[in-house]
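Working notes, beginning with the structure itself.
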C-alpha cells in the first residue's frame, strides 16, 4: 500500500469516486474526506467513500501522507495557497483538475518536490457524490503531469493503477494542448451547434423533428454545466484559442469549397475528418503513446 | 391500400428498407425493385424487400402507380429527366433525398401535380441493402415537401404512416434550412473536430488517450461517407453557408470571451447552448410543430 492515509478535499463525483474506489479495492489504510457541509460528509460515509469526515481542511491534511484536491479547477490554486503551509513534510499533494499548466506552476512553486498534477479521463454529465462510482476509473487513462519541481511519479502512478486506471505521464503544456482539442473543443462545438439549431427552430419549428442522430450525438455534452466549462476555458486560454482557430481554419476551407461548389474540395474536407478519426481511434485502441518520457 | 404497385428505384439502405417495410406490413399490392446489377436484385429478393426485380427502370415505372426514387441525392434530377416521360398518367413520383429545393423544383417542373418530395429522418452509418431493416422508419419523422405544383399529399402521407413513420409537411426551403442546421452542420463539425484532434495527435501522441466521451460523441458521424456528404453539401449551398456562418458567429463570441478572459461571456455562451438544446429536445419529445399548414 503506497499511502496509508489519504485525504480527499472535495467530495463530488470525482472525490467521491476516488474514495469509493480506494476503499473497495483496499488501496488505502484510511480515507479522510473534507467537505464544506456536514450533510456531504454523512452522505460520503453512507456511500462508503470515506472512513472519516472533517469540515476543517487545514486540520485534516495535517494527518495525511497524500492529499487529493477534488475541488473545481479554478478553486485549486486558492486551496493550494491555503493548505500548502499545513501539508506534512513527507506528504504529497495531487489534484484532478481538467487543465494543468496553471495548477502545476502554482503547486510546484508552493510545494517543490511534493506536488504532482493529475487528471483522470473519466467523468459524467451527472455531478455530485450521488453519481459517484467505485468503477468510474476502470480502464480510463489518468494523466500525471510533472513539471520541473514535481513529486516523484512512481508512488502516485501506483495509486492510480490501484484504482483501475492507466497512468499516462506528460508535461502540463502538452496535456493542455491535447485536451483543448480532444475535450474542450468538442464541448464548445456542441454548445455552438445547439445554439444554431435553436435559432433555426425559432424560425422553422419543424427543425425539432428533423433533428436526428447526428444532432443528438454532436450536442450531447451541450447539457454540461456552463459554470464548469467557463472555468475550464478560463484556465486553458492559449491552448483553447489555438484549437478554436484550427477548427475555424478547417471549417473555413469547407465554406470556401461549398461557396464555389468545389466537389473535390468538399470531399477532401470530409475525407480528412474520416481519416483523422480512424488514425486517432486506432492509436487509442492500440494504447500507443503511453507514458512518454519527460 | 393506397398504392397497389410500387416501384423502388435504387435498392440501398433506404430503398431496401422501404421495400421490406412495405412487404412486412402488407402496405403495397406489389413491390417492384430496380437496380443496376442482377446480384442486387437477387439480394433484395432474398431479403424480402421486393416481389420482382428489373434492370430496366424505364419499363419498370410503366407499370407502377407510385415510384420511389432511392438513388444518391445528386443523381435524383438525372433520374427524373430520364423517367418522367415514362411515368403513367395516374402515377405519383417521390424521392428520399437529403435536400429538397433542387429536387422539388425539377420534379414538379417535369411532373406537375405528380411529384412530391420526401425525406425520411432515418439512416445509419452503414450502407447498402445488407443494413436494410423493415423497422428503420418506426417512429421516425418523414418530411414531405410540397412545392407549388406538388402531387396531393394525403395518399403519400398515408403510405409513410403505413411504414411506421410520422409524416411532416413543410416547404422545401424550410426543410433545407432546418436540415442544414440539424444534420449537415453536425456532420461538418464532426469532420472538422476529427481533423483538429488528428493534428494535435501528430504533435502530442498522448492526445489519443485523452480523447474521452465528448470526442467520441462529437466525431461519431465523421466516419460517414465523404462522397455522400460532398453531394449533400453541393445540393444545399445557401442553407449550409448560412448554418456555417451562424456557427462561426457563435464560436467567434466564445473566442473573443476566452481571449479577454470574460467569465460572464463564456458562461453565457455555454448557457445558450444548454438552453437551446433543452428547448429543441423538449419540442422534439412533445411532437409539436408537426404538420404545418402550407
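Residue numbers (our numbering), protein chains in the order written: chain A, -8 to 285; chain B, -8 to 285. The C-beta atom is built at its ideal place from N, Cα and C for all residues, glycine as well.
Quick check on DSSP: helix, strand or coil for residue 150 of chain A? helix
Taking a contact to mean a Cβ-Cβ separation below 8 Å, would you say residue 3 of chain A touches residue 41 of chain A in this structure? no
With 7 Å as the limit, tell me which residues of the region 173 to 192 of chain B have their beta carbon closer than that to any beta carbon of chain A; keep them in chain order. 173, 174, 176, 177, 178, 179, 180, 181, 182, 183, 184, 185, 186, 187, 188, 189, 190, 191, 192
Report the rounded CA-to-CA distance for residue 198 of chain B versus residue 192 of chain B, giving the unit in angstroms. 5 Å
Contact list for residue 217 of chain A against chain B, beta-carbon separation under 7 Å: 258, 261, 262, 265
Pick out whichever of A/70, A/190, A/80 has its Cα sitting closest to the Cα of residue 95 of chain A. A/70
Assigned secondary structure, residue 31 of chain B (DSSP; H/G/I helix, E/B strand, else coil): helix
Buried or exposed: which applies to residue 137 of chain A, given that a residue is buried once 16 or more other Cβ atoms fall within 10 Å of its Cβ? buried
Out of A/122, A/78, A/89, state which residue places its alpha-carbon closest to the alpha-carbon of residue 101 of chain A. A/78
Roughly how far, in whole angstroms, is the beta-carbon of residue 83 of chain A from the beta-carbon of residue 147 of chain A, given that I think they are within contact range, below 8 Å? 7 Å
When we look at the beta-carbon of residue 46 of chain A and count the other beta-carbons within 10 Å, is it buried (16 or more) or exposed? exposed
Out of B/141, B/265, B/151, B/150, which one is the CA nearest neighbour of residue 162 of chain B? B/141
Under the three-state reduction of DSSP, which class applies to residue 196 of chain A: helix, strand or coil? helix
Assigned exposure category for residue 194 of chain B - 16 Cβ within 10 Å defines buried: exposed
Closest to residue 15 of chain A by C-alpha separation, out of A/-4, A/38, A/28, A/-2, would be which residue? A/38
Grab the span of the beta strand (DSSP E) containing residue 165 of chain A for me, first residue to last. Note, residue 165 of chain A: premise wrong, no beta strand (DSSP E); alpha helix (DSSP H) at 163 to 170.
Amino acids of chain B, ordered along the chain, whose beta-carbon sits closer than 9 Å to that of residue 201 of chain A: 110, 112, 132, 134, 159, 161, 166, 169, 170, 172, 173, 174
Nonlocal neighbours in the same chain, by C-beta distance under 8 Å from residue 65 of chain B, ignoring five residues either side: 222, 225, 226
Scan the region 89 to 131 of chain B and note each continuous alpha helix (DSSP H) run of 4 residues or more that stays entirely inside, going in chain order. 92 to 101
Helix, strand or coil for residue 49 of chain A, going by three-state DSSP, please let me know. helix
Please decide whether residue 249 of chain B counts as near chain A, where near means a Cβ-Cβ distance under 8 Å. yes
Name the DSSP bridge partner or partners of residue 141 of chain B? Answer by DSSP bridge pairing: none, since residue 141 of chain B is not bridged.
With burial defined as no fewer than 16 other Cβ atoms inside 10 Å of the residue's Cβ, what is the status of residue 167 of chain B: buried or exposed? buried
Where does residue 174 of chain A land, buried or exposed, given buried means 16+ other C-beta within 10 angstroms? buried
Which of helix, strand or coil does DSSP assign to residue 282 of chain A? For residue 282 of chain A, the predicted structure reports a pLDDT of 39, less than 50, and the residue's modelled location is therefore unreliable. A value from the coordinates is still provided. Residue 282 of chain A falls in the coil class under three-state DSSP.
Taking Cβ positions, are residue 68 of chain B and residue 99 of chain B nearer each other than 8 Å? no
Assuming residue 35 of chain A and residue 20 of chain A form a contact by the criterion Cβ under 8 Å, report the distance between their Cβ atoms to the nearest whole angstrom. Not really, about 18 Å apart at Cβ, beyond 8 Å.
Verify the CB distance criterion: does residue 210 of chain A have a CB-CB separation below 8 Å to chain B? yes
At a CB distance below 8 Å, what residues from the region 57 to 91 of chain A approach chain B? Give them in sequence order. none
When you compare the CB of residue 117 of chain A with every CB in chain B, is at least one pair closer than 8 Å? no
Under a three-way DSSP split, which group does residue 41 of chain B fall into? coil
In chain order, each alpha helix (DSSP H) run of at least 4 residues that lies wholly inside the region 201 to 259 of chain B: 204 to 210, 217 to 225, 228 to 250
Whole-angstrom C-beta distance between residue 153 of chain B and residue 18 of chain B, which should lie under 8 Å: 4 Å
Taking the alpha helix (DSSP H) that residue 6 of chain A falls in, what are its first and last residues? 4 to 15
CB-CB length for residue 232 of chain B against residue 246 of chain A, believed under 8 Å: 7 Å
If we cut at 8 Å on Cβ distances, does residue 196 of chain A have a partner in chain B? yes
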